[in-house]
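Numbering (our numbering), first residue to last: 1 to 71.
All C-beta atoms in this analysis are idealised placements derived from N, C-alpha and C, irrespective of residue type, glycine included.
Everything numeric in this text was worked out from a predicted model, so none of it was measured.
Below is one structure; the comments refer to it alone.
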């Protein structure tokens with residue numbers, strides 16, 4: 001069981017190390033930054049409860065990460 005857990009962990013580490021370099025369509029950093037800033041500005045400008053804003057800001061951050069990785 002320990003060997004299986006170690007193998008799964010090693011596979012996850014290898015996968016996370018390879019994914020950023022495997023993407024062929026990497027976006028420009030300036031485009032990703034401007035999209036992230038406009039997303040955050042939009043979220044802060046709407047009148048929603050704090051928990052909805054937290055979820056939307058998390059969505060902005062996830063979209064920024066995907067943009068930077070080209071996923």
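Taking C-alpha positions only, residue 59 is separated from residue 66 by approximately 10 Å. Cβ atoms of residue 36 and residue 64 come within 8 Å of each other, at about 4 Å. Take the alpha-carbon of residue 9 and the one of residue 1: they are about 12 Å apart.
Rounded to the nearest angstrom, the gap between the Cα atoms of residue 40 and residue 30 is 15 Å.
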